[in-house]
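Input: a single structure, listed below in structure tokens.
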Amino acid sequence: MVLALDFDGVIADSLNECLLNAYLTYRSFNPGTGIFSGKSMNAANFRQLIESHSEHYLLFKKYRVYVRNSVDYYYAFYAIDKGIEIKSSKGLEAEEEKHKELDRHAFRELFYSIRKEIVLKNFEEWAGLSPLYPGIRDIMKKLNPDKSYISTSNRAFAVEGVFRHNKIEFKKENILDNETHKDKNDQMKDIKKREKCKFSDIIFVDDILANLEKVQPLGVKCVLAAWGYSNDSQKEEARAKGMEVVSLEDFEGFLEKHNFFVDKR
Numbered sequence: 632m633v634l635a636l637d638f639d640g641v642i643a644d645s646l647n648e649c650l651l652n653a654y655l656t657y658r659s660f661n662p663g664t665g666i667f668s669g670k671s672m673n674a675a676n677f678r679q680l681i682e683s684h685s686e687h688y689l690l691f692k693k694y695r696v697y698v699r700n701s702v703d704y705y706y707a708f709y710a711i712d713k714g715i716e717i718k719s720s721k722g723l724e725a726e727e728e729k730h731k732e733l734d735r736h737a738f739r740e741l742f743y744s745i746r747k748e749i750v751l752k753n754f755e756e757w758a759g760l761s762p763l764y765p766g767i768r769d770i771m772k773k774l775n776p777d778k779s780y781i782s783t784s785n786r787a788f789a790v791e792g793v794f795r796h797n798k799i800e801f802k803k804e805n806i807l808d809n810e811t812h813k814d815k816n817d818q819m820k821d822i823k824k825r826e827k828c829k830f831s832d833i834i835f836v837d838d839i840l841a842n843l844e845k846v847q848p849l850g851v852k853c854v855l856a857a858w859g860y861s862n863d864s865q866k867e868e869a870r871a872k873g874m875e876v877v878s879l880e881d882f883e884g885f886l887e888k889h890n891f892f893v894d895k896r
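The numbers in the sequence shown follow this note's numbering, run straight up by one, and end at 896.
Here it is, written out as structure tokens:
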């Protein structure tokens, strides 16, 4: 068996880091935004701004469960900006349909450019905005490095930065990101090719139901990480579609059951 782990929402709780990057990118595209009073945000004033505008922060947290990629943050922030309520993934997709004029490529590239700039300016404060979930550091250190992959819609430099900050060693070539791969389907196909295995030999753990739904038809075993950015209705839907839903408390046992750990005794 081969393990493919999503990064944001499975390994790291990057809600705050994503908010910072996404807000700065959205603000560049919409300088008149009323979100956070339109103020500039950085790692230093982040806490003060989200505390003084808690209603915006809570809406972002609510809509994060529907975000599939960096461009989706534009639609989420636009909804917050205009007082549009989003109740489902289809609601976010409806916002996407309204913004056909948006230069998605430009938004995506600016998003990652801003992230890289923050990393270079203040690495420690940036990394502190993406803490690992409890117990994940120990789990990552026990994984079989030859049978473990990161499947992310993030960029490899961000994943590597968080790993470095937490003293986790992971094969760089096994970090599959959105710069080298079109999407997660493409990443699964790459894993299958590298490992010379069947899709059914791959276990893919993600916290976003929409990502799992797109990969499941390949035959990959899809697992929803219950501790990430998913709500109760999404967990119920995942179960109804034959996906296993695993809690953070049970995650280590799940991986051990499937022999993904290296015995380091």
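Each residue gets a CB set at the ideal place from its N, CA and C atoms; glycine is no exception.
Going by other Cβ atoms of all chains shown within 10 Å of its Cβ, with 16 needed for buried, is residue i buried or exposed?
i: Asp644; result: buried
i: Lys778; result: buried
i: Gly884; result: exposed
i: Asp639; result: buried
i: Asp734; result: exposed
i: Glu682; result: exposed
i: Lys823; result: buried
i: Gly859; result: buried
i: Asn607; result: Absent from the structure is residue 607, since the part of the chain shown begins at 632 and ends at 896.
i: Asn890; result: exposed
i: Leu689; result: exposed
i: Ala871; result: exposed
i: Ser878; result: exposed
i: Asp837; result: buried
i: Lys815; result: buried
i: Arg746; result: buried
i: Asp881; result: exposed
i: Glu648; result: buried
i: Gln818; result: buried
i: Asp769; result: exposed
i: Ile839; result: buried
On a CA-only basis, which of the options is nearest residue i? Give me that one, please.
i: His736; options: Phe794, Val698, Gly722 and Glu810; result: Glu810
i: Val613; options: Val836, Val641 and Ala841; result: The structure shown does not extend to residue 613, since the chain is modelled only from 632 through 896, so no value can be given for it.
i: Ile833; options: Ala841, Leu840, Lys820 and Glu844; result: Lys820
i: Val696; options: Ala841, Lys713 and Val702; result: Ala841
i: His687; options: Val698, Gly669, Ser864 and Asn673; result: Gly669
i: Val698; options: Gly850, Val851 and Ser720; result: Ser720
i: Ala758; options: Arg795, Gly714, Ile770 and Arg678; result: Arg795
i: Ile711; options: Leu650, Gly792 and Ile745; result: Leu650
i: Leu760; options: Thr783, Glu724 and Asn797; result: Asn797
i: Leu843; options: Leu655, Glu875, His812 and Val633; result: Glu875
i: Val633; options: Phe738, Arg746, Ile781 and Gly722; result: Ile781
i: Tyr764; options: Leu646, Phe892 and Lys888; result: Leu646
i: His812; options: Asn785, Asn652 and Pro848; result: Asn785
i: Ser701; options: Phe738, Glu868, Ile715 and Gly665; result: Phe738
i: Asp863; options: Val893, Lys693, Ala635 and Arg678; result: Lys693
i: Ser861; options: Gly665, Phe788, Asp808 and Lys718; result: Lys718
i: Asp637; options: Leu680, Gly766, His684 and Ile806; result: Ile806
i: Ala653; options: Phe788, Phe691 and Asn753; result: Phe691
Quick check: is any heavy atom of the ligand SAM less than 6 Å from the C-beta of residue i?
i: Lys866; result: Among the ligands in the structure shown, none appear at all, so the ligand SAM cannot be discussed.
Measure how close the beta-carbons of residue i and residue j come, nearest whole angstrom, since I'm counting them as under 8 Å.
i: Ser659; j: Leu751; result: Wrong, their Cβ atoms sit about 18 Å apart, outside the cutoff.
i: Val851; j: Phe830; result: 5 Å
i: Glu748; j: Ala674; result: Incorrect: roughly 11 Å between the Cβ atoms, too far for contact.
On the three-pair Cβ rule with 8 Å, is the stretch 721 to 740 touching the stretch 706 to 713?
-> yes
Any chance you could list the beta strand (DSSP E) runs of at least 3 consecutive residues sitting entirely within the stretch 778 to 836, in chain order?
-> The qualifying runs are 779 to 782.
Jot down the residue ranges of each uninterrupted alpha helix (DSSP H) in the stretch 656 to 713, minimum 4 residues, whole runs only, in chain order.
-> 677 to 683, 685 to 694 and 703 to 713
Touch test, the stretch 796 to 811 against the stretch 769 to 783, Cβ-Cβ under 8 Å, three pairs minimum = yes
Hey, which unbroken runs of the beta strand (DSSP E) at 3 residues or more fall wholly within the stretch 747 to 783?
-> 779 to 782
Which residue spans inside the stretch 856 to 893 form an unbroken beta strand (DSSP E) run of at least 3?
-> Counting only runs that start and end inside the stretch 856 to 893, the beta strand (DSSP E) elements of at least 3 residues fall at 875 to 877.
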